[in-house]
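Which chain is which? The protein sequence lines are A and B, in order.
Counting in the working numbering, the first sequence tops out at residue 1681, every number present.
Counting in the working numbering, the second sequence tops out at residue 320, every number present.
Beta carbons are placed, not taken as given, at the ideal position from N, Cα and C, and that holds for glycine.
First the structure, in the form of structure tokens, and then the observations on it.
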Amino acid sequence: MPIRTVMKANEAAAWAAKLAKPKVIAAFPITPSTLVPEKISEFVANGELDAEFIKVESEHSAISACVGASAAGVRTFTATASQGLALMHEVLFIAAGMRLPIVVAVGNRSLSAPINIWNDWQDSISQRDTGWMQFYAENNQEALDLILIAFKVAEDERVLLPAMIGFDAFILTHTVEPVEIPDQEVVDEFLGEYTPKHAYLDPAKPITQGTLAFPAHYMEARYTVWEANENAKKVIDEVFEEFEKRFGRKYSKVEEYRTDDAEIVLVTMGSLAGTVKEYVDHLREKGVKVGAAKLTVYRPFPAEEVRELAKKAKVIALLEKNVTFSIGGALFQDFSRALVNQKEKPILIDFILGLGGRDVTFGNLDEVVGIAQKAIAGEEFEEVNWIGLRKEIL
Amino acid sequence: MAVRKPPITTREYWAPGHAACAGCGCATALKLATKAFSEAMEEKYGDPNAFAIAQATGCMEVVSAVFPYTAWKAPWVHVAFENAAAAASGVEAAWKKLGRKGKILAIGGDGGTADIGMQALSGMLERRHNVVYLMYDNEAYMNTGIQRSSSTPYGAWTTTSPPGKYSIGEDKPKKWVALIAAAHQIPYAATASIGNAFDFVRKMKKAAKVDGPAFVQVHCTCPTGWKSPLEKGVEIARLAIETGVWPLFEIENGDFFHIKIQPPGGGAKVKREGGKVVAIEFKKPIEEYLKLQGRFKHLFKRPEAIDEMREQIKAMWKVLGVDVTLPKPGE
């Protein structure tokens, strides 16, 4: 029987790792993710998880050790955040290029400077071109589930890509919520043993991994990462379906909420989706035609689902805790790409908010909807809006 | 007629066809190192192939694994420049969980070890992974075109330590990574040279056989970067030993009070006390080593720089507990 209990997202991530039975874990402490390796250390110390836990001297070495272990053919896991993920950046490209299905739990936290330990998504969003798949959890149950799902998708032979699962710093990492821990036997059946055909370091069958490629081969190697990301779109749907059958919880790449007759759709990711759904209910009571959508999967980018969503709205408001300077948020860029050649498309408006742990309030969302309504009325609007700025200290 | 047994296995793990420069001393080092490793694995585990290699970006990486070819007949992985030791940690952990017997060989050049890979190396040694780290030391960033590293010796020309009106070339003493590795109190740390192949092979085998981490820093000539004759690689490396420039030492378990010194040869007089080498009187001046290399050519117009080099060599030997005398030419 699954165990119903309460725990923080960090603990949920550690439980997911325990259930997935990675053979090698390499991790380095960083706020707000530290509890993940702490909890895993306990599991290993108590004999509840039979894994080698390498207590590395940096995140760069954490991911490098994961690459080494994954190249040797075993399931690997690590957890990090913020500067730690930034320090891994170089090796993230390598893990994807070498097609190693490493899974990383990311406690989404801002990047310096100024140094700040609180939530936004700049850390993982900044890794969006590495070739890694990216999933974002709305709550602690999703953090656990999406890690299991990520292993399954990552290790699929049509995919063979690493994956990161983001869950918001403190809002989730340090907040206790109800979580159902699935049965080990069911997880074992769901994931199976990982026995790669492409990555091993076996003296009986020596292979060379991580070669140099000249211009005659490099581009094709990169293209396979593109192809794998394309394949992942279908595989993710299949795995979501299988997950629902086995565990009873339904996931989709883009989860819609009260969008059917919505004029304005508020699109976001992570725990902010919870706030936004609550806000949608609040506005619906006042008769405002507003809906919400959450990207559970950010890479591969679910362009098809986004196009379907776009058909329903006059305005899509992108609520994002990240920024590309002089451009706007990452979602704004990605939605623009998905819709640019559509004959009919909604107005896209970008809202940068909640950076570095700034709370996102209903008042902030009123401002968002106000701008969206002006746009519908044909009034001028800014394409990129910073919401909740304290203008008095600027 | 009896057939003489070859001094080392004829098995090859570093295959012909790699793209190293003619006369590359590092290629020789890797060939010998993998053969020695294989012998050690055969003797320890009964399986000559019981090892895998994790290698840093660098000359020996780019010349050996150019897709779709490979010079490696052993399982081999390359990740990046600074993380061979970390990647090897992961491979070793995976092997442990797979129940596989054997040892992991990590390989890096001096740049990938003494500089950018120092942190990962320290972590791997401190965590006591069952890994031998082989540093092939050609004393500069040769792969990017001969830039100085912290392992470049005093006085050497490189493209980033050019001699000039205000420069004698590299102006810092060489950093001895083997001493830093030994300070981790690992079971075994040693220096070696392609100028003494038997000593190098013996040390690689010893490193491969100890339980836990080991470190070997092997001096390798680089004709391209040292501007030295292609055919004189081994001779130059041997002169480094015989003139006192390159000490051959072993440190077990970080015991700096019982450093083992390999006699340098070249007519040097070795003085021992209680079996321990305490003094060496070298007979060949360092100029004999320097003059064969274009990278030191400018020093012959700056004799005070060569004298300074002698002082630094003496100071380094002092750290090893050995008083050395270094002759000047004609002495």
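Within the stretch 113 to 145 of chain B, those residues whose Cβ lies closer than 9 Å to any Cβ of chain A are, in chain order, M113, E115, R116 and H118. Nearest CB-CB separation between T102(B) and chain A: not below the 7 Å threshold. Per the C-alpha coordinates, the member of E1572(A), A1303(A), S1348(A) and L1448(A) positioned closest to F1315(A) is S1348(A). Distances from the alpha-carbon of V1361(A) to those of E1442(A), I1458(A) and L1642(A) put E1442(A) closest.
At least 7 Å separates the beta-carbon of K62(B) from that of P1289(A). Between R137(B) and the set Q251(B), A129(B) and F189(B), the nearest pair of CA atoms involves A129(B). Counting only Cβ-Cβ distances below 8 Å, T1367(A) has no contacts in chain B at all, with the closest Cβ about 14 Å away. DSSP, read as helix, strand or coil, puts M1556(A) in coil. Not flagged as an interface residue toward chain A: F204(B), since no C-beta distance is shorter than 7 Å. For Q1496(A), the chain B residues whose Cβ falls inside 8 Å of its Cβ are W65, V66 and H67, in order along the chain.
For A178(B), the three-state secondary structure derived from DSSP is strand. Within the stretch 1319 to 1393 of chain A, the runs of alpha helix (DSSP H) that reach at least 4 residues and sit entirely inside it are, in chain order, 1322 to 1332, 1346 to 1358 and 1369 to 1384.
By the Cβ test, the stretch 92 to 110 of chain B is in contact with the stretch 134 to 151 of chain B, since at least three Cβ pairs between them sit closer than 8 Å. Secondary structure of Q1414(A) (DSSP, three-state): coil. Runs of the beta strand (DSSP E) lying entirely within the stretch 244 to 271 of chain B and spanning at least 3 residues, in chain order: 258 to 262 and 265 to 270. Close to chain B, meaning a Cβ-Cβ distance shorter than 7 Å, are the following residues of the stretch 1475 to 1499 of chain A: L1488, D1489, P1490, P1493, I1494, T1495, Q1496, G1497, T1498 and L1499. Nothing from the stretch 220 to 237 of chain B brings a Cβ to less than 7 Å from some Cβ of chain A.
The residues A1299, E1464, P1465, V1466, E1467 and R1536, in chain order, have a CB closer than 8 Å to that of Q1428(A) in the same chain once the five nearest residues on each side in sequence are set aside.
Short of 7 Å from the beta carbon of G1371(A), and not among the five residues preceding or following it, lie these beta carbons of its own chain, in chain order: F1315, I1317 and E1346.
In the DSSP secondary-structure assignment, Q1409(A) is not bridged to any residue.
Put simply, the backbone Cα of E1339(A) is about 16 Å away from that of I93(B). When secondary structure is reduced to three states using DSSP, K86(B) falls in the helix class.
With distances taken between CA atoms, P162(B) lies nearest to E300(B) out of T133(B), R89(B), E300(B) and F26(B). Checking the DSSP bridge columns, you'll see V51(B) has no partner listed. Residue contact check for A16(B) against chain A: no CB pair falls below 7 Å. With the criterion set as a beta carbon lying under 9 Å from some beta carbon of chain B, the stretch 1295 to 1309 of chain A has no members that meet it.
One alpha carbon belongs to A1659(A), the other to V1602(A), and they sit about 6 Å apart.
Where F1422(A) is concerned, the enclosing beta strand (DSSP E) starts and stops at M1420 to Y1423. Of the residues assessed, H118(B) falls on the buried side of the cut-off, its CB having 16 or more other CB atoms within 10 angstroms.
Contact between the stretch 74 to 93 of chain B and the stretch -9 to 5 of chain B is absent: fewer than 3 CB-CB pairs across the two stretches fall below 8 Å. P152(B) sits in a strand when the DSSP states are folded into three classes. As the crow flies, the alpha-carbon of K20(B) is around 35 Å from that of T1417(A). Here the alpha carbon of F285(B) sits roughly 45 Å from the alpha carbon of E1507(A). From the listed residues P316(B), N242(B) and I183(B), the smallest Cα separation to F271(B) is found for P316(B).
As the crow flies, the alpha-carbon of T17(B) is around 10 Å from that of Y125(B). Annotation: K1581(A) is outside any alpha helix (DSSP H); the continuous beta strand (DSSP E) that includes it extends over V1577 to L1582.
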